[in-house]
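Asker: Numbering (this note's numbering), first residue to last: 17 to 499.
Using N, Cα and C, we set each Cβ at its ideal position, and we do this for glycine too.
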């Protein structure tokens, strides 16, 4: 029979942080006791975490009633509440049992701990910096082990003799906490369970293998060009926009229209010293009428050309192809580096709040770290509003924790920096890098590592373009266990 173990956990608004160190040491048959403030009990902060810990495969038992503390940030209150709880259980004066079997089982369990036949663990990720002081004082007679799950790097600190001995620091080796558990803990769930996919670890999904975007250079360029032309041509309702003309009529046709402005330009050159009203009054109908009709004719020619064109949209949605390409590269990167802090990778995730039927958020590629932190790679291949990205970050942190992070991935294909469609991607990069949101370039294999693009003054500037894999290495380096 395994050694009896008790875990004391303080409820917090970010309860997912409590779970990795607890599950790293827990064994079937162990007991869990929650310490909760009045606010935590009222808002049911521990509800989701209790559900995760109560999963049958874990074999853990949780005392139904928490140890109540008015303010968990006061170590004196915490210590007194814990001592009072232990004393009441030992004297058989505790009245918080859910039923008689719980009373009998826990009293027997506590008796074993008092005889030195088990271990007590204090999980110190809840509360503020003073909360563990109260826990250590309240449970001092059981010589507790202190546990702490670090955010960065993703490791577990174990103080085997309270704070009398330096900790053992090690990567997570046993924890199986994954995305559905994290969502449950925060009061959310996977809305599209049939479509959301845990695509790593394991074999790469077939649709990621088949996706040509990002692998076949000419196809990738063609798809961007196709979408750009389609978007430009569709701009405007009855008449096409000016940007569409280069795709609808030949260059000579546009030049003829420009020449219609020669008389107007000449009139402006002769108007030195005159104000605007005088210049406009001097223009005769014979000057303005040709310009008017030349403009109408050009717009109509563009509309007729658009109407004669194939009305079918591009052969593939670039957003879907791009997301598959990013997921494929992430899978290959994880297979290659075997990152010790990454638990799993997910894609096409829709999240909803508990009790709701509509999605709160959608996430393209999610990395779940072994310390319960979620890292999201948002895939953008066209435009995006920064306020929408801010809202996505907020939703991500509500679904995971305040430590959840997001970066935006945009295709920056440097060998095509002179193509007309590249400007939109560069503009998107510029906007994201000007915000506080991390940026990741999606690159083609063996593409140039730099490209030239003018700054605000029109001066060409050489810009670096690290690969997707290089940026993943950089952003996730902080979570790697050291030493």
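Comparing C-alpha positions only, which one of 476, 338 and 402 sits nearest to residue 459?
Answerer: For the residues 476, 338 and 402, the minimum Cα distance to residue 459 belongs to 338.
Asker: Three-state secondary structure (DSSP) at residue 61?
Answerer: Residue 61 falls in the coil class under three-state DSSP.
Asker: Applying the 10 Å Cβ sphere with the 16-neighbour rule, what's the burial state of residue 34?
Answerer: The residue is buried, with at least 16 neighbouring Cβ atoms inside 10 Å.
Asker: I need the boundaries of the beta strand (DSSP E) containing residue 184, first residue and last residue.
Answerer: Run containing residue 184: 184-187, per the beta strand (DSSP E) assignment.
Asker: Under DSSP, the beta strand (DSSP E) around residue 480 begins and ends at which residues?
Answerer: Run containing residue 480: 476-480, per the beta strand (DSSP E) assignment.
Asker: For residue 193, which option in 44, 117 and 387 has the closest C-alpha, if you only look at C-alpha atoms?
Answerer: Out of 44, 117 and 387, 387 has the C-alpha closest to the C-alpha of residue 193.
Asker: Considering only their Cβ atoms, is the gap separating residue 349 from residue 384 smaller than 8 Å?
Answerer: In this structure, residue 349 does not lie closer than 8 Å to residue 384 by Cβ.
Asker: Buried or exposed: residue 455, going by 16 or more other Cβ atoms within 10 Å of its Cβ?
Answerer: Its Cβ being crowded by 16 or more others within 10 Å, residue 455 is buried.
Asker: Exposed or buried, which one is residue 17 when buried takes at least 16 other CB atoms within 10 Å?
Answerer: Residue placement at residue 17 is flagged as unreliable, the pLDDT there being 48, under the threshold of 50; a coordinate-derived value is accordingly withheld.
Asker: Cα separation between residue 452 and residue 402?
Answerer: C-alpha separation (whole angstroms): 10 Å.
Asker: Check residue 243 in the structure and name its three-state DSSP category.
Answerer: Looking at residue 243 - three-state DSSP - the assignment turns out to be helix.
Asker: I'd like to confirm the pairing. Which residues does DSSP put opposite residue 343 in its beta bridges?
Answerer: In the DSSP output, where bridge partners are listed per residue, residue 343 has none listed.
Asker: Whole alpha helix (DSSP H) runs in the region 371-442 with 4 or more residues, listed along the chain?
Answerer: DSSP runs (the alpha helix (DSSP H)) wholly in the region 371-442: 402-415.
Asker: When you compare the CB positions of residue 199 and residue 415, do they come within less than 8 Å of one another, or not?
Answerer: Taking 8 Å as the Cβ cut-off, residue 199 and residue 415 qualify as a contacting pair.
Asker: At 4 residues or longer, what runs of the alpha helix (DSSP H) sit wholly inside the region 75-116?
Answerer: For the region 75-116, whole alpha helix (DSSP H) runs of length 4 or above, ordered along the chain, are 91-106.
Asker: Suppose the cutoff is 6 Å on Cβ atoms and the five residues either side in sequence are ignored; what does the same chain contact list for residue 421 look like?
Answerer: These residues qualify, in order along the chain: 391.
Asker: What does the alpha-carbon distance come out to for the pair residue 81 and residue 112?
Answerer: The straight-line gap from Cα to Cα measures roughly 6 Å.
Asker: Could you say which of 132, 78, 213 and 374 lies nearest to residue 51 if we only look at CA atoms?
Answerer: When each option's Cα is compared against that of residue 51, the closest is 78.
Asker: For the region 472-485 against the region 342-358, do three or more pairs of beta-carbon atoms, one drawn from each stretch, fall closer than 8 Å, so that the two count as touching?
Answerer: With the cut-off at 8 Å, the region 472-485 and the region 342-358 touch.
Asker: Using 8 Å as the cut-off, can you tell me whether the region 119-128 makes contact with the region 83-91, which would need three or more C-beta pairs spanning the two stretches below that distance?
Answerer: The answer is no - the region 83-91 does not touch the region 119-128, with fewer than three Cβ pairs under 8 Å.
Asker: Helix, strand or coil: how does DSSP classify residue 138 here?
Answerer: Strand at residue 138.
Asker: Near residue 444, what residues of its chain come up, given a Cβ to Cβ distance below 8 Å and the 5 sequence neighbours on each side ignored?
Answerer: The residues are 396, 398, 399, 400 and 426.
Asker: Assuming residue 430 and residue 466 form a contact by the criterion Cβ under 8 Å, report the distance between their Cβ atoms to the nearest whole angstrom.
Answerer: Contact flag correct, Cβ pair sits at about 7 Å.
Asker: Around the Cβ of residue 311, are there at least 16 other Cβ atoms within 10 angstroms (buried) or fewer (exposed)?
Answerer: By the 10 Å Cβ count, residue 311 comes out exposed.
Asker: Between the alpha carbons of residue 270 and residue 196, how many angstroms are there, rounded?
Answerer: Approximately 58 Å between the Cα atoms of the pair.
Asker: Leaving out the 5 sequence neighbours to the left and right, which residues in its chain are closer than 7 Å to residue 227 when beta-carbon positions are compared?
Answerer: The answer, listed in chain order, is 337, 340, 341 and 344.
Asker: For a test of the three-state rule: what should DSSP assign to residue 30, helix, strand or coil?
Answerer: Looking at residue 30 - three-state DSSP - the assignment turns out to be coil, as it is neither helix nor strand.
Asker: Going by DSSP, what residues sit across from residue 225 in a beta bridge?
Answerer: Per DSSP, none; premise fails for residue 225.
Asker: When you compare only the Cα positions, how much space is there between residue 411 and residue 381?
Answerer: Rounded to whole angstroms, residue 411 to residue 381 spans 15 Å at the Cα level.
Asker: Which residues mark the beginning and the end of the beta strand (DSSP E) in which residue 175 is found?
Answerer: Residue 175 -> beta strand (DSSP E) spans 171-175.
Asker: Alpha carbon to alpha carbon, what distance is there between residue 56 and residue 24?
Answerer: Rounded to whole angstroms, residue 24 to residue 56 spans 15 Å at the Cα level.
Asker: Can you tell me the Cβ-Cβ gap for residue 212 and residue 365, rounded? I've got them flagged as a contact below 8 Å.
Answerer: 5 Å between Cβ atoms; contact.
Asker: What does a CB cutoff of less than 7 Å around residue 244 pick up in its chain, not counting 5 residues either side in sequence?
Answerer: Hits under 7 Å: 436 and 437.
Asker: Under the three-state reduction of DSSP, which class applies to residue 198: helix, strand or coil?
Answerer: DSSP places residue 198 in helix when its eight states are reduced to three.
Asker: So residue 153 is in the alpha helix (DSSP H); what residue range does that whole segment cover?
Answerer: Here the alpha helix (DSSP H) through residue 153 covers 147-154.
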